[in-house]
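FYI, in mature numbering (1 follows the signal peptide of the UniProt record, and there is no 0) the residues of the sequence shown are -41 to -1, 1 to 248. Okay, so here's the structure we're looking at.
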Amino acid sequence: MAISSTPSGLRRAARRLLTAAVAGMLLAAAAVPATGAPAQAAGYTGPHPGDFTGLGFDACTAPSDAEMTAWLQSPYRAVGVYIGGVNRGCAQPNLTREWVASQQAKGWRLFPLYVGLQAPCTTYLRRIDPAQAAAQGRAAADDAATNAGNLGIVPQSTLILDIEYYPAGDSACSAAVLSFSSAYSARLHEHGYLSGLYTSSGGGGLADHVAAYGRPGHVSPDLVDVANWDGVKTVSDPAIPATYWVKRRMKQYQGDHDETWGGVTINIDSNYLDLAPTRYRSGVVTRTR
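Laid out in structure tokens, this is it:
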């Protein structure tokens, strides 16, 4: 699996700088409908991403409002936005409270991504300190919840922690990541948000969280978003038992490529989501139907 060791936001930063100047030239064609494009969804005001089954995309920088309108001609109806974190790779000039409200009015679902500290057994400059992992996880959750609230992303939304690839088999590294992730999830629940985890199918991140699922004292993420660039639009993964994260899964099935819809080209990762409505109540995350 060809997953870059650079966080999703970082690995496209240079390319976005080169293409940003061209993007505005493409908007004139945005009003031209694509044959057979899905009908525009009704406005949405609930938690994000909420109950949703279908295609989504994420881009290093949130597209402009006009670009998002053009992409209503695409098969995508969910969009990943990088709401913060010390390892977030791209500036977000478009990502404002007004932008979020506008996308909701168009029917877009959001999946908020938070690129915090990375595993201590990687080469990132900003890494988890094993001795402070739980405290750092709580601080990350505080920051993510504050950022989400400032953007108008309501409680009960899922804020996905981006933990990039790290090698399996390093017990000290695994323990630090799990401590950080568990504290992040627990603290988000205190803020009224749900937690998610983005990680690679082929590394330690997924294996460690599967092994810790249901472990006493460990707070698992409420949703998993697995990167496996095999091009298959499914949330099934041989590394995840069928009874884990049922209807709480996403898959990033294609990375870092250009697509053009409504006359607008954006460099994206493609995702498939299969999510039932969930709520956090009194220490338990439950499906609402």
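Backbone N, C-alpha and C fix where the C-beta goes; we use that ideal spot for every residue, glycine too. All values reported here derive from a predicted model rather than from experimental measurement.
Residues of its chain near residue i, where Cβ-Cβ distance is below 6 Å and the 5 sequence neighbours each way are ignored
{"i": "arginine 85", "result": "Val45, Asn46 and Leu76"}
{"i": "aspartate 17", "result": "Gly39 and Asp228"}
{"i": "serine 141", "result": "His177 and Val178"}
{"i": "alanine 135", "result": "Pro79, Ile87, Pro89 and Ala92"}
{"i": "histidine 150", "result": "Ala104"}
{"i": "alanine 99", "result": "Gly75 and Tyr143"}
{"i": "arginine 97", "result": "Ala142 and Arg146"}
{"i": "aspartate 217", "result": "Thr224 and Asn226"}
{"i": "alanine 94", "result": "none"}
Nearest-angstrom Cα separation, counted from residue j out to residue i
{"i": "alanine -11", "j": "threonine 224", "result": "Because alanine -11 carries a pLDDT of 37, less than 50, the predicted location of this residue cannot be relied on, and the following value inherits that uncertainty. Using only the alpha carbons, I get a separation of about 14 Å."}
{"i": "alanine 1", "j": "lysine 65", "result": "7 Å"}
{"i": "alanine -8", "j": "glycine 15", "result": "Its pLDDT being 39, under 50, alanine -8 is placed unreliably by the model, and the measurement read from it follows with that caveat. Alanine -8 and glycine 15: Cα-Cα distance of roughly 18 Å."}
{"i": "proline 175", "j": "valine 113", "result": "29 Å"}
{"i": "serine -37", "j": "glutamine 115", "result": "Any reading at serine -37 must be qualified, since the residue scores a pLDDT of 42, below 50, and its modelled position is unreliable; the value itself is stated next. Each residue's alpha carbon lies about 31 Å from the other."}
{"i": "cysteine 132", "j": "glycine 108", "result": "31 Å"}
{"i": "leucine 63", "j": "alanine 21", "result": "Before going further, note that residue 63 is glutamine rather than leucine in the sequence given. Cα to Cα, the separation comes out at about 14 Å."}
{"i": "alanine -13", "j": "proline 52", "result": "Note on alanine -13: pLDDT 39, under 50, position unreliable in the model; no value is reported."}
{"i": "histidine 148", "j": "serine 154", "result": "8 Å"}
{"i": "glycine 161", "j": "aspartate 215", "result": "18 Å"}
{"i": "aspartate 189", "j": "aspartate 167", "result": "22 Å"}
{"i": "threonine 158", "j": "cysteine 19", "result": "16 Å"}
{"i": "asparagine 106", "j": "leucine 156", "result": "17 Å"}
{"i": "valine 185", "j": "aspartate 196", "result": "9 Å"}
{"i": "alanine 127", "j": "serine 33", "result": "37 Å"}
{"i": "residue 249", "j": "isoleucine 122", "result": "As displayed, the chain neither begins before -41 nor continues past 248, which places residue 249 out of reach and without an answer."}
{"i": "glycine -6", "j": "tyrosine 41", "result": "Note that glycine -6 scores a pLDDT of 41, beneath 50, so its modelled location is shaky and nothing firm can be said."}
{"i": "tryptophan 30", "j": "cysteine 49", "result": "21 Å"}
{"i": "tyrosine 35", "j": "methionine 27", "result": "10 Å"}
Run of the beta strand (DSSP E) containing residue i, from where it starts to where it stops
{"i": "threonine 20", "result": "Neither: threonine 20 is in no beta strand (DSSP E) and is coded neither H nor E."}
{"i": "histidine 148", "result": "Taken as a continuous stretch (DSSP letters only), histidine 148 belongs to no beta strand (DSSP E), being part of the alpha helix (DSSP H) at 130 to 150."}
{"i": "leucine 156", "result": "153 to 159"}
{"i": "arginine 36", "result": "First-last for arginine 36: undefined, no H or E at that position."}
{"i": "serine 229", "result": "223 to 234"}
{"i": "alanine 186", "result": "182 to 186"}
{"i": "glycine 213", "result": "Note that residue 213 corresponds to glutamine in the displayed sequence, not to glycine. Where glutamine 213 is concerned, the enclosing beta strand (DSSP E) stretches over 207 to 220."}
{"i": "isoleucine 119", "result": "117 to 121"}
Residues near residue i in its chain [Cβ-Cβ closer than 7 Å; skip 5 each side]
{"i": "glycine 111", "result": "Arg56, Val59 and Ala60"}
{"i": "residue 268", "result": "Because the chain is modelled from -41 through 248, residue 268 falls outside the range shown and cannot be assessed."}
{"i": "aspartate 233", "result": "Thr12, Val194, Lys206 and Arg208"}
{"i": "tyrosine 3", "result": "Gln63, Gly66 and Arg68"}
{"i": "threonine 219", "result": "none"}
{"i": "leucine -16", "result": "No answer about leucine -16 holds up, because its pLDDT of 38 lies below 50 and its placement is not dependable."}
Chain-order list of residues whose beta-carbon lies under 8 Å from that of residue i (same chain, five-residue window excluded)
{"i": "aspartate 129", "result": "Cys80 and Gly163"}
{"i": "tyrosine 231", "result": "Gly13, Leu14, Gly15, Lys192, Thr193, Val194, Met209, Lys210 and Tyr212"}
{"i": "valine 169", "result": "Ala198, Ile199, Pro200 and Tyr203"}
{"i": "alanine 37", "result": "Pro8, Phe11, Gly13, Leu14, Gly15, Phe16, Trp67, Arg68, Leu69, Phe70, Asn230 and Leu232"}
{"i": "alanine -21", "result": "Because alanine -21 sits at a pLDDT of 38, beneath the cut-off of 50, its placement in the model cannot be relied upon, and the following sentence gives the value as read from the coordinates. None."}
{"i": "tyrosine 125", "result": "Gln77, Ala78, Cys80, Thr81, Cys132, Val136, Gly162, Gly163 and Gly164"}
{"i": "asparagine 187", "result": "Met(-41), Ser159, Ser160, Gly161, Asp196, Lys210, Gln211 and Tyr212"}
{"i": "glycine 173", "result": "Ser179"}
Among the options, the one whose alpha carbon lies nearest that of residue i
{"i": "aspartate 24", "options": "Gln32, Gly48, Gly43 and Leu54", "result": "Leu54"}
{"i": "proline 236", "options": "Tyr41, Asn226, Gln95 and Thr117", "result": "Thr117"}
{"i": "glycine 5", "options": "Asp196, Tyr152, Trp188 and Trp220", "result": "Tyr152"}
{"i": "proline 180", "options": "Gly221, Trp30 and Ala171", "result": "Ala171"}
{"i": "phenylalanine 139", "options": "Leu120, Pro126, Thr105 and Asp184", "result": "Leu120"}
{"i": "valine 183", "options": "Tyr35, Leu72, Pro34 and Gly48", "result": "Leu72"}
Span of the alpha helix (DSSP H), counted from its first residue to its last, around residue i
{"i": "alanine 171", "result": "163 to 171"}
Any non-hydrogen atom of the ligand SAM within 7 Å of residue i CB
{"i": "alanine 50", "result": "With respect to the ligand SAM, the structure shown offers nothing to examine, as it has no ligands at all."}
Could you tell me which uninterrupted beta strand (DSSP E) segments, each at least 3 residues in length, are contained entirely in the stretch 62 to 94, listed from first to last along the chain? Runs of the beta strand (DSSP E) spanning 3 or more residues and lying entirely within the stretch 62 to 94 occur at 68 to 73, in chain order.
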